[in-house]
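Q:
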Amino acid sequence: EAAELSGETFVQLLNKGRECDMQVTLAVQTLTDLEVAMGGMAPARMMVGNAAHLLVFRTLDAESCRTLNDRAGRVQIQKRQAGTTAPAPRYWWQGQPRAGAMLQRQWQEVPLIPEGWLTRLEDLHYLGFFSGQGVIWGCLPRLRVPGKVK
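Just so we're aligned, residue 1 is where the sequence shown starts under full-length UniProt numbering, counting upward by one.
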């Protein structure tokens with residue numbers, strides 16, 4: 001739990017740690033926990049921003065969702081629409097049918113994580129922000145005690 005370790009010294013360690021190939025993974029419930037521990041939202045955001053890896057489980061805190069969506073960034077997607085028309089003649093003497101086709105391509109910039117998606121993650125599902133690897137969606141395995149039934 002990052003809120004237990006947080007402090008100005010730890011933030012400095014995060015800032016300088018990348019130069020030494022030190023990578024830190026933070027586990028946090030909400031940014032509010034860090035805000036209380038650090039004494040403000042700016043140091044809490046700085047702490048999250050300097051972590052090499054970040055695992056995010058479901059969170060209902062709107063501010064946490066906004067910050068994590070900002071960290072994930074935006075991507076370009078291509079929206080394509082295609083259509084054809086081919087009306088058949090009603091009678092044989094009306095001649096050849098006419099046909100038409102349409103192809104439309106449009107680029108859009110959208111958030112990588114859709115708005116509100118972090119509030120709907122299932123139990124044990126997470127988003128992992130990994131330094132140099134991008135964003136990964138995964139699920140932790142359920143551990144079972146041998147010899148016990150659910």
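Even glycine gets a Cβ: it sits at the ideal position worked out from N, Cα and C. A quick note: this is a predicted structure, and the numbers were derived from the prediction, not measured.
State the start and end residues of the unbroken alpha helix (DSSP H) segment that holds Val24.
A: No alpha helix (DSSP H) contains Val24, which DSSP labels as neither H nor E.
Q: Just to confirm, are Arg80 and Leu103 a CB contact at a threshold of 9 Å?
A: Yes, they are a contact pair.
Q: Taking 8 Å as the cut-off, does the stretch 64-84 touch the stretch 23-42 (at least 3 CB pairs, one atom from each stretch)?
A: As far as the Cβ criterion goes, the stretch 23-42 touches the stretch 64-84, which means the pair count is three or higher.
Q: Give the single residue among His125, Val56 and Gly83 whose Cα lies nearest to the Cα of Arg105.
A: The candidate whose alpha carbon is nearest that of Arg105 is Gly83.
Q: Using CA coordinates, which residue listed in Phe57, Val75, Glu35 and Val28 is at the minimum distance from Cys139?
A: That would be Phe57, whose Cα lies nearest to the Cα of Cys139.
Q: For the UniProt domain "TraD/TraG TraM recognition site" (2-120), list the beta strand (DSSP E) runs that are entirely contained and at least 3 residues long, ordered along the chain.
A: Entirely contained in the UniProt domain "TraD/TraG TraM recognition site" (2-120), the beta strand (DSSP E) runs reaching 3 residues are, in chain order, 25-27, 53-56, 74-85 and 100-111.
Q: Could you spell out the range, first to last residue, of the beta strand (DSSP E) harbouring Gly128?
A: Here the beta strand (DSSP E) through Gly128 covers His125 to Phe130.
Q: Which class does Gly138 belong to by DSSP, given the choice of helix, strand or coil?
A: If DSSP states are grouped into helix, strand and coil, Gly138 belongs with the strands.
Q: Is it buried or exposed for Leu26, if we count other Cβ within 10 angstroms and need 16 for buried?
A: Buried, since its Cβ has 16 or more Cβ neighbours within 10 Å.
Q: Between Val135, Ala99, Ala37 and Thr119, which has its C-alpha nearest Arg74's C-alpha?
A: Per the Cα distances, Val135.
Q: Using a threshold of 9 Å, state whether the C-beta atoms of Ala51 and Leu14 are closer than that.
A: A contact, by the Cβ cut-off of 9 Å.
Q: Would you mind sorting Glu109 into buried or exposed? The rule is 16 or more other CB atoms within 10 Å of its CB.
A: Its Cβ having fewer than 16 others within 10 Å, Glu109 is exposed.
Q: Identify which residue in Trp107, Thr85, Gln23 and Arg144 has its Cα closest to the Cα of Gln78.
A: Residue Trp107 is the option with its Cα nearest to Gln78.
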